[in-house]
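**Student:** The numbering of the sequence shown is my numbering, which starts it at 364 and goes up by one. For glycine and all other residues, C-beta sits at the position ideal for the given N, C-alpha and C. Before I ask anything, here is the structure I am working with.
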Amino acid sequence: MTASSTSNSVFTGQRVVVMGGSSGIGEAAAAAFAADGAGVLVTGRGQDRLDAAVPGSAAGPSATGWTPPPRPRAPPSPVLPDWPPSTAR
Numbered sequence: 364m365t366a367s368s369t370s371n372s373v374f375t376g377q378r379v380v381v382m383g384g385s386s387g388i389g390e391a392a393a394a395a396f397a398a399d400g401a402g403v404l405v406t407g408r409g410q411d412r413l414d415a416a417v418p419g420s421a422a423g424p425s426a427t428g429w430t431p432p433p434r435p436r437a438p439p440s441p442v443l444p445d446w447p448p449s450t451a452r
């Protein structure tokens, strides 16, 4: 987009969340949204990769990188919790 069309973009002043934006298509999407005037929140699993991608990217100062806190993993549950049935003969 050119500078003159950026002010008329549907993304100007909007907020966009890009998941997986520390590299590849996600990083390119974040840069494109920011170039169109959006404030961009870029998420990813590695804060170090986000820190490297966001400030140095074309997204520039309108992009912020964030890594959500890890979630504890639940132990796997059995597919058939009571198999064989306890009433088997």
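1. Can the beta-carbon of Gly-387 be found less than 8 Å from the beta-carbon of Gly-407?
2. Anyone know if the C-beta pair for Gly-400 and Gly-376 falls short of 8 Å?
3. Can you check whether the CB of Gly-402 is closer than 8 Å to the CB of Ser-425?
4. Terminal residues of the continuous beta strand (DSSP E) containing Ala-426?
5. Can you grab the Cα-Cα spacing for the pair Ala-415 / Arg-378, in whole Å?
6. Excluding the 5 residues preceding and the 5 following Leu-410 in the sequence, name in chain order all residues of the same chain whose CB lies nearer than 6 Å to its CB.
7. For a quick check, are the C-beta atoms of Gly-389 and Val-380 less than 8 Å apart?
8. Leaving out five residues before and five after Phe-396 in sequence, what residues of the same chain have Cβ atoms less than 8 Å from its Cβ?
**Tutor:** The structure says:
1. Contact flag unset, no.
2. Between Gly-400 and Gly-376, the C-beta gap is smaller than 8 Å, which places the two residues in contact.
3. Yes, the Cβ-Cβ distance between Ser-425 and Gly-402 is below 8 Å.
4. Looking at the DSSP string, the run of the beta strand (DSSP E) that includes Ala-426 is 426-429.
5. Approximately 21 Å between the Cα atoms of the pair.
6. Correcting the residue type first, residue 410 is Gln in the shown sequence and not Leu. Closer than 6 Å at Cβ, skipping near neighbours: Thr-430.
7. No, Cβ-Cβ distance for Gly-389 and Val-380 is not below 8 Å.
8. Sequence-distant Cβ neighbours of Phe-396 in its own chain, meaning closer than 8 Å and more than five residues away, are Phe-374, Val-379, Val-381, Val-403, Ala-422.
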